[in-house]
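Quick note, the sequence shown lines up with residues 1 to 103 if you use UniProt numbering.
Notes for the one structure printed next.
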Amino acid sequence: MFEWLAELTRETLYLNTSIHISGNNELIIDNCQRIEEYNEVFMRLLSGGLYINIRGSDLRAYDFRTGGLVIRGCIENIEFTERSRRHENEEKHEDKRQRETTE
1 MFEWLAELTR ETLYLNTSIH ISGNNELIID NCQRIEEYNE VFMRLLSGGL
51 YINIRGSDLR AYDFRTGGLV IRGCIENIEF TERSRRHENE EKHEDKRQRE
101 TTE
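Here is the structure:
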């Protein structure tokens, strides 16, 4: 019912995720809240209501303290997953594993 108000608030307070792509070697992500996983070939970030998975090579993260994040390296793939859907998928896989274990 109040989804329009929530969206207006997010836009006004700049809580939405904004991503700027420069070729395949730089990403600038505004409103990055957390780096969940980080190595040279894979990064998982939390930004707004999204999980952002980045795959590539020689990946490096810079300027995290500024409220955003700059990622440099050879970027091959960017994947977006809504937070609630990811948790639903994890629960489904866990339930399936439990059923397989009990059988």
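C-beta: ideal position from N, C-alpha, C; glycine also.
Next item on the list: Label arginine 83 either buried or exposed according to how many other C-beta atoms from any shown protein chain fall within 10 Å of its C-beta, with 16 as the threshold for buried.
Entry: Along the sequence shown, one-based indexing puts residue 83 at 83. Flag for arginine 83 reads exposed.
Check: Beta-carbon separation of arginine 55 and asparagine 77 under 8 Å?
Finding: Position 55 of the sequence shown, counted from the start, is the residue given in the question as residue 55. Position 77 of the sequence shown, counted from the start, is the residue given in the question as residue 77. Going by C-beta atoms, arginine 55 is nearer than 8 Å to asparagine 77.
Notebook entry, point to check: What do you get for asparagine 25, buried or exposed, if any count of 16 or more other CB atoms within 10 angstroms of its CB means buried?
Noted result: Locating residue 25 in the sequence shown gives position 25, where the first residue counts as 1. It counts as exposed.
Check: According to the neighbour-count rule (16 or more other Cβ atoms, all chains shown, within 10 Å of its Cβ), is threonine 66 buried or exposed?
Finding: Translated into the one-based positions of the sequence shown, residue 66 becomes position 66. Under this definition threonine 66 is an exposed residue.
Next item on the list: Using the DSSP secondary-structure output, state which residues sit across from asparagine 77 in a beta bridge.
Entry: As a working mapping, residue 77 is identified with position 77 in the sequence shown. Its beta-bridge partners are Arg55.
Notebook entry, point to check: What are the start and end residues of each continuous beta strand (DSSP E) run of 3 or more residues lying completely inside the region 23-68, in chain order?
Noted result: 26-30, 32-38, 42-47 and 50-62
Margin query: Considering Cα atoms alone, identify which of Thr81, Gly23, Glu3 and Phe64 is closest to isoleucine 75.
Written below: Along the sequence shown, one-based indexing puts residue 75 at 75. Of the candidates Thr81, Gly23, Glu3 and Phe64, the one whose C-alpha sits nearest the C-alpha of isoleucine 75 is Gly23.
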